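Residues in the sequence shown are numbered consecutively from 1, following our numbering.
Below is one structure, written out as structure tokens; the observations come after it.
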Amino acid sequence: MGGFSEKWRCGFEHLYGFKIRIWCPSDALDDSNGDVLNGKLAFEGMRAEVRHMHECEVGEVFTLTEWKLKSPKFAKEINSEIRIIPTRWVTVAKNDAVRSRLVVKDVASGDSARSLGISSPTPSADAFMIFVAITAHFDWRVASLDVSHAFMHTPRVLKDVAVKLPQSLTSSSGETLILWPRKALNGLRSASLEWLLYLQKLVAALGLQSERLEPCFFSGVMQSGGHALLITYVDTFFIPLNCQLTWRNLKSAFLGRYLWFLPCRIEVEGPKEQFTFIKFGGGSLKKVSK
Numbered sequence: 001m002g003g004f005s006e007k008w009r010c011g012f013e014h015l016y017g018f019k020i021r022i023w024c025p026s027d028a029l030d031d032s033n034g035d036v037l038n039g040k041l042a043f044e045g046m047r048a049e050v051r052h053m054h055e056c057e058v059g060e061v062f063t064l065t066e067w068k069l070k071s072p073k074f075a076k077e078i079n080s081e082i083r084i085i086p087t088r089w090v091t092v093a094k095n096d097a098v099r100s101r102l103v104v105k106d107v108a109s110g111d112s113a114r115s116l117g118i119s120s121p122t123p124s125a126d127a128f129m130i131f132v133a134i135t136a137h138f139d140w141r142v143a144s145l146d147v148s149h150a151f152m153h154t155p156r157v158l159k160d161v162a163v164k165l166p167q168s169l170t171s172s173s174g175e176t177l178i179l180w181p182r183k184a185l186n187g188l189r190s191a192s193l194e195w196l197l198y199l200q201k202l203v204a205a206l207g208l209q210s211e212r213l214e215p216c217f218f219s220g221v222m223q224s225g226g227h228a229l230l231i232t233y234v235d236t237f238f239i240p241l242n243c244q245l246t247w248r249n250l251k252s253a254f255l256g257r258y259l260w261f262l263p264c265r266i267e268v269e270g271p272k273e274q275f276t277f278i279k280f281g282g283g284s285l286k287k288v289s290k
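Written out as structure tokens, the structure reads:
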């Protein structure tokens, strides 16, 4: 992200009771392709991100001076050292706007996420093929749902991390800020696993459970007595609409925290043993071969 704009310097937002000054960049780089982005649009994306953080109550904010005074007490309360991790903005052009995401730079410095027991699984090819086979066999329509800001809604079990906000987010007087997160944030190595564990609790209320070998593939019997399926890839869900689980059930379970709903149909083309296709609005999104 470029320097700060002299013409349109800053704005203010609140984050968990703390008034934050957001400095407007002169420009920004698109992290997907390196293009130069409009600084004012990046600034609006930054403000939107801080608003989402506030709505999700992601954590407590302290000035660096306050943190140095209070952190020893916090560390004693949780009986663990609290490490400070830097953050950065990730900016991407999105139609006529810029999406700005605050990302924690939780980079491995020795032990991997897997060795620490905080890596998150994804569905295996076998699990996905089973899901495709069942939905195709019964000619069920399939819906795709994307949970908006999933990590920001996910409570953190451990509080052994604090994050240093970027220089574009300061106190009113310009002092560096520290966020002690209550929720998982983008970039934390444990965020994806924490989200999956939180998801398992949410869908358990609907009667769905996952197996140890396939924790992202859920099935079960609804309260109505009907069977239901759900497969998830991080914050994206696929559900058959013709079984007892519907997008309205999920909306209720997630308190309305979903971004979009896109009906589609899984169809079989050619010999059933060879090819299946996922259709979105008449176009083929992906070909899945056995």
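Virtual Cβ for every residue (Gly too), placed ideally from N, Cα, C.
All figures in this text were calculated on a predicted structure; none of them were measured in a lab.
In this structure, lysine 183 places its C-beta atom within 8 Å of the C-beta atom of glycine 59.
The Cβ-Cβ distance between leucine 158 and threonine 91 does not fall below 8 Å. Counting only residues of its own chain and dropping the five nearest sequence neighbours on each side, glutamate 194 has a CB closer than 7 Å to the CB of Thr154, Arg156, Val157, Ala184. In this structure, DSSP gives serine 192 a helical state, which the three-state scheme calls helix.
Excluding sequence positions up to five before and after threonine 236, its CB lies within less than 6 Å of the CB of Asp146, all in the same chain and listed in chain order.
In the three-state DSSP reduction, glutamine 200 falls in the helix class (H, G or I). Annotation: aspartate 160 to alanine 75 spans about 8 Å, alpha carbon to alpha carbon.
Under the DSSP definition of a beta bridge, alanine 28 partners with Leu37. Its chain contains Cys10, Gly11, Phe12, Glu13, Phe43, Met46, Arg47, Val50, Ser168, Leu169 as the residues whose beta carbon lies nearer than 8 Å to that of isoleucine 22, once the 5 sequence neighbours on both sides are disregarded; these appear in chain order. Classified as buried, proline 25 has 16 or more neighbouring CB atoms from the shown chains inside 10 Å of its CB. Counting C-beta atoms within 10 angstroms of its own C-beta, arginine 212 has fewer than 16 neighbours from the protein chains shown and is therefore classed as exposed. Counting along the chain, glutamate 13 sits inside the beta strand (DSSP E) bounded by residues 10 to 15. Per DSSP, reduced to three states, the secondary structure at phenylalanine 151 is helical.
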